[in-house]
Amino acid sequence: MEWMWAENTGPVIVVCAVMAAVICAAAALFFYREKNRIYRMACKMMDELLDDKAVTPSGLKEGEAAVLSGKAERIQEKLRAEIGQAAGEKEQVKSLISNMSHQLKTPLANIMMYEEILSADGKGGKSLSEEERKHFLDKMHVQSEKVNWILNSLFKMVKLEENAIVFEAGPGLIRKTLLDAVNLVYEKAQKKQIEIGTEYFPDCLLYHNPKWTTEVFANILENAVKYTPEYGKITIGMRRMEMYTEIWIRDTGRGIDKGELNSIFKRFYRSPDVENVEGSGIGLYLGKLILEKEKGYMNVASVKGEGSCFSVFLQNCRN
Amino acid sequence: MKVLEVQNVEKIYGSGENKVHALRDVSFDVELGEFSAIVGASGSGKSTLLNLIGGLDVPTKGKVVVRGHDVAKLNRKELTIFRRRNIGFVFQNYSLMPVLNVYDNVALPVTFDKGKYVDHEYIRDLLTELGLWEKRKNYPNELSGGQQQRVALARALANKPALILADEPTGNLDSHTTIEVMGLLKASSKKYNQTILMVTHNEAIAQTCDRTIRIEDGKLYDGELEFYTRGGE
């Protein structure tokens with residue numbers, strides 16, 4: 001048997017080699033064509049993307065090509081959405097500017113008026129007493145503070161919306177943050193004899209940025225002080241959950257109408273009931289933006305006439 | 001950019017005496033990245049609406065257009081692929097695969113799609129975001145309700161769908177876990193720029209959404225309160 005092997009190997013090997021070569025060539029040609037086909041298809045897709053035309057083939061078929069065209073469609077949508085968003089933002093900026101100029105007009109007019117009174121002092125024979133002068137200066141000071149406050153919050157809001165402030169949020173102890181916020185409003189609360197107290201409040205690590213979160217708490221507390229009558233009470237408490245920690249701030253203020261609960265977090269929203277109370281409708285909106293960046297959120301429960309309870313949810317720190 | 005357009009949709013179940021008008025002349029749009037809630041009492045047609053949008057049912061009249069595709073015009077095969085690539089579902093009862101662990105449950109819709117490779121980095125990111133990375137090897141029956149719903153949420157996000165439809169996602173959860181699931185739903189919708197449409201009968205939950213759509217007896221009331229800003233003090 002063995003000699004037969006030896007004798008026949010030569011031609012067999014040759015035949016095998018030829019066949020292998022042919023198969024290889026065929027495969028090479030096939031893959032070359034396939035590569036070309038995919039290249040052409042991808043190229044066409046890109047062109048369609050660039051020309052803002054509908055992407056072919058349809059993304060609703062099985063197979064690799066359809067997956068790619070599905071993705072291409074998504075890219076196209078994203079581009080269109082961004083264009084639409086930019087247009088929307090332009091509108092918002094317009095309304096923001098008109099609103100802000102309104103907000104600034106009154107205090108500025110007041111400042112100009114006091115300035116006029118003060119500079120007229122001593123001219124035309126009429127002179128103000130030291131007391132009066134001080135009175136007008138104080139008033140002027142209050143109004144300038146107001147302008148300053150409006151500008152500051154506007155600045156923060158614009159920066160946040162532009163994503164220009166990329167603040168670092170990280171694990172931090174919450175007690176200090178909250179305490180800073182309380183300190184900011186403590187004086188105002190004292191003036192109105194409003195008691196600020198806490199319930200069970202252990203210190204713990206939460207995912208937040210102290211500086212900006214203080215802003216959130218301060219805004220809520222400021223509202224609480226503003227809308228709570230004298231001798232009212234503000235209570236702060238905490239509830240730990242698996243992933244989030246809730247920090248609630250409850251007041252005994254005027255409360256919020258049920259129909260308005262969804263609107264109070266919107267920019268510039270002011271309840272018609274408090275039209276006469278000072279405010280710009282920025283605070284809660286700003287708070288919402290900040291919390292969104294910290295992967296948290298806030299909501300409110302309220303009974304009209306009895307008080308509101310704002311809850312801020314921040315993520316617990318996982319190791 | 002509109003992800004979803006619902007145009008004059010009407011849905012009637014049954015015929016003759018048993019005819020039930022589930023939806024009457026419902027129209028609304030949903031923009032990309034919006035987090036909307038559909039609120040209404042039970043039996044008001046919320047779930048019917050969600051089924052129509054998800055392509056699980058066809059409207060008697062009117063059109064449902066998701067990303068330019070008229071859902072009613074797709075054939076069965078196209079509809080399957082359409083759902084897989086464009087829509088993520090989150091159900092009240094989680095609907096997880098009991099024989100698969102957390103990771104495989106989340107990766108499941110991606111592996112269904114031929115020609116799509118599984119982006120492990122993305123799934124890892126998702127699971128970490130939802131606090132499930134340590135639990136990735138556990139099976140659904142070893143998890144709490146809230147955790148199971150978080151897995152369902154991760155699964156809905158895994159395919160980066162155009163639209164996530166959530167049908168009472170917190171219906172089976174206590175108030176604690178509801179808060180957590182809602183927070184994560186909101187945070188992930190922002191992080192991954194997802195469009196979410198959620199059905200709920202809980203008004204307090206709807207508060208956290210960008211927009212509330214109210215539905216009563218099959219009719220729609222867009223709850224967007226118009227307000228005008230006023231100048232001066």
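Chains as they are written, first to last, in the UniProt record's numbering: chain A, 1 to 319; chain B, 1 to 233. Even for Gly, the Cβ is constructed at its ideal location relative to N, Cα and C. This one's a predicted model, so the numbers in the text were calculated from it and none came from an experiment.
Interface residues of chain B facing residue i [CB-CB closer than 9 angstroms]
{"i": "residue 167 of chain A", "result": "Those within 9 angstroms of residue 167 of chain A in chain B number zero; the least Cβ separation is about 16 angstroms."}
{"i": "residue 242 of chain A", "result": "131, 144, 146, 147, 176, 177 and 180"}
Backbone CA spacing between residue i and residue j [nearest angstrom]
{"i": "residue 158 of chain B", "j": "residue 90 of chain B", "result": "12 angstroms"}
{"i": "residue 144 of chain B", "j": "residue 99 of chain B", "result": "16 angstroms"}
{"i": "residue 320 of chain A", "j": "residue 236 of chain A", "result": "Beyond the ends of chain A as shown, which are 1 and 319, falls residue 320 of chain A; an answer cannot be given."}
{"i": "residue 105 of chain A", "j": "residue 135 of chain A", "result": "22 angstroms"}
{"i": "residue 12 of chain A", "j": "residue 20 of chain A", "result": "12 angstroms"}
{"i": "residue 234 of chain A", "j": "residue 312 of chain A", "result": "15 angstroms"}
{"i": "residue 222 of chain A", "j": "residue 185 of chain A", "result": "6 angstroms"}
{"i": "residue 145 of chain A", "j": "residue 70 of chain B", "result": "57 angstroms"}
{"i": "residue 87 of chain A", "j": "residue 95 of chain B", "result": "41 angstroms"}
{"i": "residue 269 of chain A", "j": "residue 259 of chain A", "result": "13 angstroms"}
{"i": "residue 35 of chain B", "j": "residue 163 of chain B", "result": "10 angstroms"}
{"i": "residue 226 of chain B", "j": "residue 92 of chain A", "result": "Bear in mind that a pLDDT of 41 at residue 226 of chain B, under 50, signals an unreliable position, so the model cannot answer this."}
{"i": "residue 18 of chain A", "j": "residue 25 of chain A", "result": "10 angstroms"}
{"i": "residue 50 of chain A", "j": "residue 153 of chain A", "result": "41 angstroms"}
{"i": "residue 272 of chain A", "j": "residue 142 of chain B", "result": "51 angstroms"}
{"i": "residue 168 of chain A", "j": "residue 214 of chain A", "result": "14 angstroms"}
{"i": "residue 255 of chain A", "j": "residue 309 of chain A", "result": "9 angstroms"}
Close beta carbons around residue i, own chain, < 7 angstroms, minus the five adjacent residues each side
{"i": "residue 45 of chain B", "result": "22, 23, 215 and 218"}
{"i": "residue 155 of chain B", "result": "105, 106, 108 and 109"}
{"i": "residue 138 of chain A", "result": "none"}
{"i": "residue 9 of chain A", "result": "none"}
{"i": "residue 40 of chain B", "result": "46, 201, 214, 215 and 216"}
{"i": "residue 62 of chain A", "result": "none"}
{"i": "residue 277 of chain A", "result": "226"}
{"i": "residue 228 of chain B", "result": "Below a pLDDT of 50, predicted positions are generally treated as unreliable, and residue 228 of chain B, at 39, falls in that range; the measurement from the model is reported next regardless. Answer for residue 228 of chain B: no residue qualifies."}
{"i": "residue 111 of chain B", "result": "118"}
Same chain, Cβ closer than 8 angstroms to residue i, neighbours up to 5 away in sequence not counted
{"i": "residue 93 of chain B", "result": "172"}
{"i": "residue 9 of chain B", "result": "23, 25, 26, 27, 49, 52, 59, 61, 62, 63 and 64"}
{"i": "residue 232 of chain B", "result": "A caution first: residue 232 of chain B carries a pLDDT of 33, below 50, which makes its placement in the model unreliable, though a value can still be read off. No residues qualify anywhere along the chain."}
Chain A residues whose Cβ lies nearer than 8 angstroms to that of residue i
{"i": "residue 67 of chain B", "result": "73 and 77"}
{"i": "residue 113 of chain B", "result": "67"}
Candidates the options, of which the one nearest residue i by Cα
{"i": "residue 301 of chain A", "options": "B:43, B:213, B:204 and B:178", "result": "B:204"}
{"i": "residue 39 of chain A", "options": "A:123, A:180 and A:68", "result": "A:68"}
{"i": "residue 242 of chain A", "options": "B:113, B:176, B:17 and B:208", "result": "B:176"}
{"i": "residue 74 of chain A", "options": "B:70, B:210, B:1 and B:180", "result": "B:1"}
{"i": "residue 151 of chain A", "options": "A:16, A:304, A:282 and A:317", "result": "A:282"}
{"i": "residue 28 of chain B", "options": "B:48, B:64, B:126 and B:16", "result": "B:64"}
{"i": "residue 87 of chain B", "options": "B:209, B:3, B:174 and B:76", "result": "B:3"}
{"i": "residue 315 of chain A", "options": "A:306, A:247, A:256 and A:274", "result": "A:247"}
{"i": "residue 295 of chain A", "options": "A:80, A:170, A:115 and A:309", "result": "A:170"}
{"i": "residue 108 of chain A", "options": "A:141, A:261 and A:46", "result": "A:141"}
{"i": "residue 97 of chain A", "options": "A:52, A:244 and A:155", "result": "A:155"}
{"i": "residue 210 of chain A", "options": "A:244, A:188, A:240 and A:175", "result": "A:175"}
{"i": "residue 201 of chain A", "options": "A:27, A:220, A:190 and A:177", "result": "A:177"}
Contact set for residue i: own chain, Cβ-Cβ below 6 angstroms, skip 5 residues either direction
{"i": "residue 58 of chain B", "result": "72"}
{"i": "residue 20 of chain B", "result": "13 and 14"}
{"i": "residue 290 of chain A", "result": "212 and 216"}
{"i": "residue 170 of chain B", "result": "178 and 181"}
{"i": "residue 197 of chain A", "result": "235"}
{"i": "residue 194 of chain B", "result": "164"}
{"i": "residue 231 of chain A", "result": "193"}
The ligand MG heavy atom lying under 7 angstroms from the CB of residue i
{"i": "residue 184 of chain B", "result": "Within the structure as shown, the ligand MG is missing, as the structure has no ligands at all."}
Interface partners of residue i on chain B, CB under 8 angstroms
{"i": "residue 60 of chain A", "result": "69, 74, 78, 81, 82 and 85"}
{"i": "residue 80 of chain A", "result": "1"}
{"i": "residue 154 of chain A", "result": "Within chain B, no residue comes near residue 154 of chain A; the closest Cβ sits about 14 angstroms away, beyond 8 angstroms."}
{"i": "residue 299 of chain A", "result": "204, 207 and 208"}
{"i": "residue 246 of chain A", "result": "179"}
{"i": "residue 313 of chain A", "result": "179 and 183"}
Residues that residue i contacts on chain B, provided the C-beta gap is smaller than 7 angstroms
{"i": "residue 84 of chain A", "result": "1"}
{"i": "residue 70 of chain A", "result": "85"}
Any C-beta of chain D under 8 angstroms from that of residue i
{"i": "residue 183 of chain B", "result": "Here the protein chains are A and B, and chain D is not one of them."}
For the segment 49-65 of chain B, enumerate the residues whose C-beta is nearer than 7 angstroms to any C-beta of chain A, in chain order. none
Would you list, in chain order, the members of the segment 126-143 of chain A that have their beta-carbon closer than 7 angstroms to a beta-carbon of chain B? none
Against chain A: residues of the segment 154-173 of chain B by CB proximity under 8 angstroms: 160 and 162
Along the segment 25-54 of chain A, where does the CB come closer than 9 angstroms to a CB of chain B? Name the residues. 54
Closer than 8 angstroms, Cβ to any Cβ of chain B: which residues of the segment 278-296 of chain A, in chain order? 278, 281, 292, 295 and 296
Where the segment 185-199 of chain B meets chain A: residues whose CB sits under 8 angstroms from a CB there: 186, 187, 190 and 191
Counting only Cβ-Cβ distances shorter than 9 angstroms, please list the residues of the segment 248-265 of chain A near chain B, keeping chain order. 258, 259, 260, 261, 262, 263 and 265
Note down, in chain order, all residues in the segment 3-36 of chain B with a beta-carbon under 9 angstroms from any beta-carbon belonging to chain A. 3, 31, 32 and 33
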